[in-house]
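**Q** Before I ask anything, let me first share the structure, which is written out below as structure tokens.
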Amino acid sequence: MLIKLIHAHPLLFPASRPPRHSALPDGWFAIAHALCCAIEAQLTSAELTACGVARVSAVQGRLEVAMMGAYPDAIDGLIESAVLLSEVTCQECGERPASFRANGVNLTLCGFCEHERCIRAARNARPPAC
3 MLIKLIHAHP LLFPASRPPR HSALPDGWFA IAHALCCAIE AQLTSAELTA
53 CGVARVSAVQ GRLEVAMMGA YPDAIDGLIE SAVLLSEVTC QECGERPASF
103 RANGVNLTLC GFCEHERCIR AARNARPPAC
């Protein structure tokens, strides 16, 4: 999904500054895409060339977005809103509501995806973190 996001927002992800250590869970693509659209709407052409997205990833069950370069303070508020939304959105399927699960692996999952994850773990003969 990260590649799809990069292709949809080439000004925020210039080829000369690819994001590092990034991985976007499928369920959070819509949040990240809406965030990128909002950032692009806030920035002037000059500001777009002066900044970009350094990292988009799931960290401890939350979306993490880091910017690089100079950008207006309002962007931080947009990022925080996206992070808060990720905390109640399943990172696997995008459904809401979802809850933070801290059973060895920190994830934000809906009930269905948590159940499916437990089934997959049981099939792989690992004790499920449920």
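For my numbering, count along the sequence shown from 1 and bump the result up by 2. Beta carbons are placed, not taken as given, at the ideal position from N, Cα and C, and that holds for glycine. If you're wondering where the values come from, they're calculated on a predicted model, not measured in any experiment.
1. Hey, is the segment 112-126 in contact with the segment 44-52, meaning 3+ C-beta pairs nearer than 8 Å?
2. Pull the bridge partners of Phe102 from the DSSP assignment, please.
3. DSSP three-state label for Cys120, please.
4. If you compare alpha carbons, which of Ala36, Pro99, Cys95 is closest to Gly29?
5. Within the same chain, show all residues whose beta-carbon is closer than 7 Å to that of Ile41, passing over the 5 residues directly before and after it, in chain order.
6. Just to confirm the assignment, what range does the beta strand (DSSP E) spanning Glu66 have?
7. Compute the distance between the beta-carbons of Arg57 and Glu89, then report whether it is under 7 Å.
8. If I follow the unbroken alpha helix (DSSP H) through Cys92, where does it start and stop?
9. Which two residues bound the contiguous beta strand (DSSP E) that contains Ala60?
10. One question on the structure: do Pro27 and Gln93 come within less than 7 Å of each other, judged by their Cβ atoms?
11. Just to check my reading of the structure: Val61 and Leu37 have Cβ atoms closer than 8 Å, yes? What is that Cβ distance to the nearest angstrom?
12. Measuring CB to CB, does Ala180 end up less than 7 Å from Ser59?
**A** Inspection of the coordinates gives the following:
1. The segment 112-126 vs the segment 44-52: no contact.
2. Assignment of beta-bridge partners to Phe102 by DSSP yields Thr110.
3. Correct three-state label for Cys120: helix.
4. It is Cys95.
5. Excluding residues within five positions, the ones whose Cβ falls inside 7 Å are Leu14, Ile77, Leu80.
6. Note, Glu66: beta strand (DSSP E), 64-71.
7. In this structure, the beta-carbon distance from Arg57 to Glu89 does not fall below 7 Å.
8. First-last for Cys92: undefined, no H or E at that position.
9. For Ala60, the uninterrupted beta strand (DSSP E) segment begins and ends at 53-61.
10. In contact: Pro27 and Gln93 (Cβ atoms closer than 7 Å).
11. Rounded to whole angstroms, the Cβ separation of Val61 and Leu37 is 15 Å, and the two are not in contact under 8 Å.
12. Since the first and last residues shown for the chain are 3 and 132, residue 180 lies out of range.
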